[in-house]
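In what follows, a single structure is set out as structure tokens and then discussed.
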Amino acid sequence: VQLQASGGGLVQAGGSLRLACAASRTIFFNNVMSWYRQAPGKQRELVAALTSGGITTYADSVKGRFTISRDNAKNTIYLQMNSLKPEDTAAYYCKAIRGPNTYWGQGTLVTVSS
5 VQLQASGGGL
15 VQAGGSLRLA
25 CAASRTIFFN
35 NVMSWYRQAP
45 GKQRELVAAL
55 TSGGITTYAD
65 SVKGRFTISR
75 DNAKNTIYLQ
85 MNSLKPEDTA
95 AYYCKAIRGP
105 NTYWGQGTLV
115 TVSS
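Per the working numbering, residue 5 is the first one in the sequence shown, and the count goes up by one each step.
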């Protein structure tokens, strides 16, 4: 398995969750890793991205609430999600781009109740 996502669950609005995506060592370095999400009936959208050089990008809807980070010793990226809203409910996917190759992890479901 190249990417393994975990950490989803059910949380009340205002709560927090931390998603993790463990990558195989061969794709973890010298790449861009990101989190996407897809809500029912909607297109998959970028949530946050992190380059191996430390540059971050966030969707406007999550700025100030979500933080993407990486632990190089564990070949893992994280998405810390605070102040969750019902509209954050979606399946969350991690993605890695290394050279010409793109890898997707399986989705992890986040449900935020009002």
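The beta carbon of each residue, even a glycine, is placed where N, CA and C say it ideally should be.
Alpha carbon of residue 13 to alpha carbon of residue 100, nearest angstrom: 23 Å
Burial state of residue 70 (16 or more Cβ within 10 Å): buried
Quick check on residue 30: buried or exposed, where buried means 16 or more other Cβ atoms within 10 Å of its Cβ? exposed
Give me the residue from 8, 94, 16 and 17 with the minimum Cα distance to residue 49. 94
Assigned secondary structure, residue 94 (DSSP; H/G/I helix, E/B strand, else coil): strand
Classification of residue 18 by the beta-carbon crowding that lies within 10 angstroms, buried from 16 upward: exposed
I need the boundaries of the alpha helix (DSSP H) containing residue 31, first residue and last residue. 29-32
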